[in-house]
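According to the numbering used here, the sequence shown is numbered sequentially starting from 6.
Here a beta-carbon is modelled for each residue, glycine too, at the ideal position from N, C-alpha and C.
Model, not experiment: these values are computed from the prediction.
Below is one structure, written out as C-alpha cells; comments come after it.
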Amino acid sequence: MAIMNIDNNNTNHHNINNNNTNKTHILEVKDVSKIYGSLHALSDVNLTVEEGRWLSIMGPSGSGKTTLMNIIGCMDTPTCGSVHLDGQDITRLSLSELTKIRRDKIGLIFQQFHLVPYLTALENVMVAQYYHSMVDEKEALQALDRVGLAARAKHLPRQLSGGEQQRVCIARALINYPKLILADEPTGNLDEANEEMIMKLLHQLHEEGSTIIVVTHSPEVSQHAQTTVVLEYGKVARVVNNHID
Ligand SMILES: Nc1ncnc2c1ncn2[C@@H]1O[C@H](COP(=O)(O)OP(=O)(O)OP(=O)(O)O)[C@@H](O)[C@H]1O
Ligand SMILES: [Mg+2]
Numbered sequence: 006m007a008i009m010n011i012d013n014n015n016t017n018h019h020n021i022n023n024n025n026t027n028k029t030h031i032l033e034v035k036d037v038s039k040i041y042g043s044l045h046a047l048s049d050v051n052l053t054v055e056e057g058r059w060l061s062i063m064g065p066s067g068s069g070k071t072t073l074m075n076i077i078g079c080m081d082t083p084t085c086g087s088v089h090l091d092g093q094d095i096t097r098l099s100l101s102e103l104t105k106i107r108r109d110k111i112g113l114i115f116q117q118f119h120l121v122p123y124l125t126a127l128e129n130v131m132v133a134q135y136y137h138s139m140v141d142e143k144e145a146l147q148a149l150d151r152v153g154l155a156a157r158a159k160h161l162p163r164q165l166s167g168g169e170q171q172r173v174c175i176a177r178a179l180i181n182y183p184k185l186i187l188a189d190e191p192t193g194n195l196d197e198a199n200e201e202m203i204m205k206l207l208h209q210l211h212e213e214g215s216t217i218i219v220v221t222h223s224p225e226v227s228q229h230a231q232t233t234v235v236l237e238y239g240k241v242a243r244v245v246n247n248h249i250d
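Written out as C-alpha cells, the structure is:
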C-alpha cells in the first residue's frame, strides 16, 4: 500500500484529518511533555485528531506510545502541555473528574486483558456497566454476542483463550458506546485468526463513528488506520497517510 508523508510543514504541529471536512476535533494535544527525572518520555508532542478518525501509533519500544495513550486516556497527566478531549481540557482536572471522563467517553483495550479473574465473562462486562450505573445483564450479553462470545458468557477468564479474553475486554470497552477507543497493542498476544476478528470489530466501531487510536508494533495492524503517527524518542517523528480515506 502506498504511503505518503503529510508532515511536510515546519510547524511541528501534526494535524490528523482529511482536510476537506469541517469535523470537530475530538483530541488536541498541545506541547505535551512527560518527564521522569532526566528522561523525557514525551517531548513537546503536538497532535490534532478529528472526530471519527482511525489513527495508529507506532515507534520503537520506549518511544513513549503507552505514555501518550495513558495521558489521552485520562490515566496519567503530562508534566507540561495541554490535552483537550472533546473540547475539554483534561490536564486541569481532578482524579475523580478524570475518572468520569474516562467512563463517559473512552473505551480502553489493553494488551494485558485486565479481566477480574474470579468473575465470569458476563460479570466482567457487567462490571463496566456498574461503573456507568446501568447494570443490565441482557445488554451485557448482547455486548458479548457482538464479539462472538455469547456462548462463553459463564466462563471464567482462565477458561477462555487469549483471543477470547481480548474480545471480552472489547465487549467491556463498548458497553457505553465510547466516542474514543484507545487500544494499546490489542493484538499483541494473539494469533492471526484472533487478530483478524479484533480488527473486524474495530472496523465496525469505526464505521459506527468512533474515533480509534491503536498502538501497535505490527505494520499490518497499522495499515488498517487512516493515518499512522510514528514516535521516536518521545517526539512525533513523522505522520503518514495510509490512503484509505
Ligand atoms: N513511571 C515511569 N517512571 C519512569 N520512567 C518511565 C515510567 N513510565 C515510562 N517510563 C519510561 O518512559 C519511556 C517511554 O515508555 P513507554 O511505556 O511510553 O514506551 P512504549 O513506546 O510504550 O514502549 P513499548 O513499545 O515497549 O510498550 C521509557 O523509557 C520508559 O522506561
Ligand atoms: Mg507500550
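Any heavy atom of ligand 1 nearer than 6 Å to the CB - residues listed: Y41, L44, A46, G64, S66, G67, S68, G69, K70, T71 and T72
Rounded straight-line distance, which links the Cα of E56 to that of M9: Here the model assigns M9 a pLDDT of 35, short of 50, so the residue's position is not dependable, and the following value carries that caveat. Straight-line Cα distance between these residues: approximately 22 Å.
8 Å contact criterion, which C79 and R107 should meet: CB distance rounded: 4 Å
Buried or exposed (CB count within 10 angstroms, at least 16 for buried), H119: exposed
Separation of L236 from V245, as counted between CA atoms: 12 Å
Local conformation of Y135 per DSSP, three classes: helix
Any non-hydrogen atom of ligand 2 closer than 8 Å to D81 Cβ: no
Closer than 8 Å: V234 CB and nearest ligand 2 heavy atom: no
Validate contact between the stretch 221 to 229 and the stretch 113 to 132 using beta carbons, cut 8 Å, 3 pairs: no
Per-residue DSSP class, three states only, for I8: Because the pLDDT of I8 is 36, which lies under 50, any placement of that residue in the model is unreliable, and the number read from its coordinates should be weighed accordingly. Three-state result, I8: coil.
Length of the line joining the Cα atoms of N181 and V34: Each residue's Cα considered, the two are about 24 Å apart.
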